[in-house]
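The number in our numbering is simply the position in the sequence shown, starting from 1, with 1 added. Cβ atoms here follow ideal geometry from the backbone N, Cα and C, with glycine treated the same way. Below is one structure, written out as structure tokens, with a few remarks after it.
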Amino acid sequence: MTCPFCTLTESRVRFQTSLAVGVDDAFPVSPGHTLIVPRRHVRSYFELSPLEREAVNELLDQAQRDLSERLRPDAYTIGINDGPAAGQSIPHVHVHLIPRYRGDRENPRGGVRWVLPDKADYWSRR
């Protein structure tokens, strides 16, 4: 299988450094959903070099500033699915920057904890 992140066309790239790129998610869960992708093909965030992590964080900040100006979201969810058991479907590490908007979920409390719904609500008595 050809890696879709290793074959990105320049027209998809919104932000870039020599070590990473930022692109619009091809299947966005909200307006502005952005992916930050290291240029080097590596499966796990934990395999990135310190310089690659720095580049990813630099682009994450740049994308957030751009989205704040253009779309004015109310908040952000930042996520990495690291490994198949965590839901990683493309074996090339990438960071999701998902703009969040008031009302996009009835009760957003718990945020990323909802990846395991039976354990997400830790604040209610059951």
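Sub-8 Å separation of residue i and residue j beta-carbons
i: residue 118; j: residue 101; result: no
i: residue 61; j: residue 33; result: no
i: residue 56; j: residue 23; result: no
i: residue 53; j: residue 21; result: yes
i: residue 97; j: residue 36; result: yes
i: residue 99; j: residue 31; result: yes
i: residue 15; j: residue 25; result: yes
Spatial neighbours of residue i in its chain, beta-carbon cut-off 8 Å, leaving aside the 5 residues before and after
i: residue 45; result: 83, 84, 94
Residue range of the beta strand (DSSP E) that includes residue i
i: residue 87; result: First-last for residue 87: undefined, no H or E at that position.
i: residue 25; result: 21 to 25
i: residue 97; result: 96 to 101
Range covered by the alpha helix (DSSP H) that runs through residue i
i: residue 51; result: 51 to 71
i: residue 118; result: 118 to 121
Contacting residues, own chain, Cβ-Cβ under 7 Å from residue i (five flanking each side not counted)
i: residue 42; result: 4, 7, 93
Per-residue burial, residue i [other beta carbons within 10 Å of its own, 16 or more giving buried]
i: residue 39; result: buried
i: residue 77; result: buried
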